Amino acid sequence: MSTHDSSTSDASAYGFDVAALDAHLKAHISGLEGAPRLQPISGGQSNPTFFVTYANRALVLRKQPPGELLPSAHAVDREFRIMRALADTPVPVPPTLLLCEDRSVIGTLFYVMDKVEGRVFHDCTLPGVSPEERRTMYAAMATTLAALHNVDFAAAGLADFGRPGNYFGRQIARWTRQWELSKTREDANIDRLVAWLPAHVPADDTTRIAHGDYRMGNLMFHPTRPEVVAVLDWELSTLGHPLADLAHCAMAWVSRPEEYGGIAGLDLDALGIPARADFVAQYEAAATHGLTLTDFHMAFALFRWAVIFEGIAARAKAGNAAAEGAAETGALAAAFARRAAEFT
1 MSTHDSSTSD
11 ASAYGFDVAA
21 LDAHLKAHIS
31 GLEGAPRLQP
41 ISGGQSNPTF
51 FVTYANRALV
61 LRKQPPGELL
71 PSAHAVDREF
81 RIMRALADTP
91 VPVPPTLLLC
101 EDRSVIGTLF
111 YVMDKVEGRV
121 FHDCTLPGVS
131 PEERRTMYAA
141 MATTLAALHN
151 VDFAAAGLAD
161 FGRPGNYFGR
171 QIARWTRQWE
181 LSKTREDANI
191 DRLVAWLPAH
201 VPADDTTRIA
211 HGDYRMGNLM
221 FHPTRPEVVA
231 VLDWELSTLG
241 HPLADLAHCA
251 MAWVSRPEEY
261 GGIAGLDLDA
271 LGIPARADFV
281 AQYEAAATHG
291 LTLTDFHMAF
301 ALFRWAVIFE
311 GIAARAKAGN
321 AAAEGAAETG
331 ALAAAFARRA
341 AEFT
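Residue numbers (UniProt numbering): 1 to 344.
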């Protein structure tokens, strides 16, 4: 996570008036002292995020990007809502402080939360950690996801947070359409999946809160202990099927380090990382829904990512991809499609 420091003096670089932000925060959060120092947090988030540090309190601000937005994109108000709803549950989330829907303050919707101190690992091998601690951290990743799926979403005030039911049917249709729109080549594995997945949707129609991008890089661990202190990046959260989250998380075991940072092919025993079956068993033992991860769920998760990677390839081919290395990322589409088809 790289940062760039700034005081309020050159804050126009951020495209909003920091003095107006400061006045708004001091009007709504009591006791803030001094002038805020802003540090943009880079890391590829689609919603610009900043450390906002006062003399006596460290905050994080997350805002929409400037300009015209798609109707459902960059819904920082949804992120704020779900973290606030989860505040009194066993799911660790950053303490939310305020949501500002008045665009006149800094030009976009934004929310503010307390800064949580901890460690974020963008490498699934958790560099610098002992094998014993690594084992405990993976267990914490499993049980924290189960804790999320154990939350009664209606009791938490989230009954209207998404469409309950038929989650996989809707998702398969969506990603099949996306493939047709973005494909740059033919792929027999995708054709197989498009036929196989709808015919093998499990009978259960369980609905839980789904994070949407639950993985190691979206967890913050305690500064020194192997405990999850915050689940981050709720941008894709909705009501969905819990095993879609689990399969998404479990993809790391079936993709290689050069394939989007997976752990397939590594000496997991030596690292202290559990086998995929053991990680899944830890989750299933802690979850109350009683469901079991199947080959269908893994095939679906990998199919979804194959289509996402193909979209990146299509944008690279069109010459307007945002990220460097988009062509290489797009090449992952074929690899993920092949792995998905192996589960069929």
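Ideal Cβ placement from N, Cα and C applies to all residues, glycine included. Values in this document were obtained by computation on a predicted structure and should not be read as measured data.
When secondary structure is reduced to three states using DSSP, THR49 falls in the strand class. If the five residues before and after LEU86 are omitted, its C-beta is found closer than 6 Å to the C-beta atoms of VAL93, all from its own chain and listed in chain order. The beta carbons of ASN47 and PRO66 sit no closer together than 8 Å. Under the DSSP assignment, ARG256 falls outside any alpha helix (DSSP H); it carries neither an H nor an E label. LEU239 and ARG78 have their C-alpha atoms roughly 12 Å apart. In this chain, the beta strand (DSSP E) harbouring LYS63 covers 58 to 63. Annotated three-state conformation of CYS124 is coil, per DSSP.
Here DSSP, grouped into helix, strand and coil, assigns VAL112 to strand. CA-CA distance, ASP187 to SER104, rounds to 48 Å. About 19 Å separates the CB atoms of ALA306 and ARG276; that is not less than 8 Å, and the two are not in contact.
In this chain, THR207 is not harboured by any alpha helix (DSSP H), its DSSP state being neither H nor E. Around the beta carbon of GLY311, a 10 Å sphere encloses 16 or more other beta carbons of the protein chains shown; the residue is thus reported as buried.
Per DSSP, the unbroken beta strand (DSSP E) holding PRO40 starts and ends at 37 to 41.
In the DSSP assignment, VAL228 falls within the unbroken beta strand (DSSP E) covering 228 to 231.
According to the DSSP assignment, THR238 belongs to the beta strand (DSSP E) that extends over 238 to 240. Ranked by Cα distance from THR136, the first of HIS211, THR224 and LEU98 is THR224. When C-alpha distances from GLY118 are compared across VAL228, ILE263 and ILE273, the shortest belongs to VAL228. Contact between the stretch 201 to 210 and the stretch 111 to 125 is absent: fewer than three C-beta pairs spanning the two stretches fall below 8 Å. A direct Cα-Cα distance of roughly 6 Å separates THR49 from ILE41.
Distance between GLY272 and GLY162, taken at the CA atoms: about 37 Å.
Per DSSP, reduced to three states, the secondary structure at PHE343 is coil, with no helix or strand assignment. Exposure of THR288 is indicated by the presence of fewer than 16 other C-beta atoms within 10 angstroms of its C-beta. Contact annotation, ALA142 with GLN282: C-beta distance approximately 4 Å; criterion of less than 8 Å satisfied. Taking C-beta atoms as the reference points, HIS211 and TRP234 count as a pair closer than 8 Å. Rounded to whole angstroms, the separation of the alpha carbons of PRO90 and ARG57 is 25 Å.
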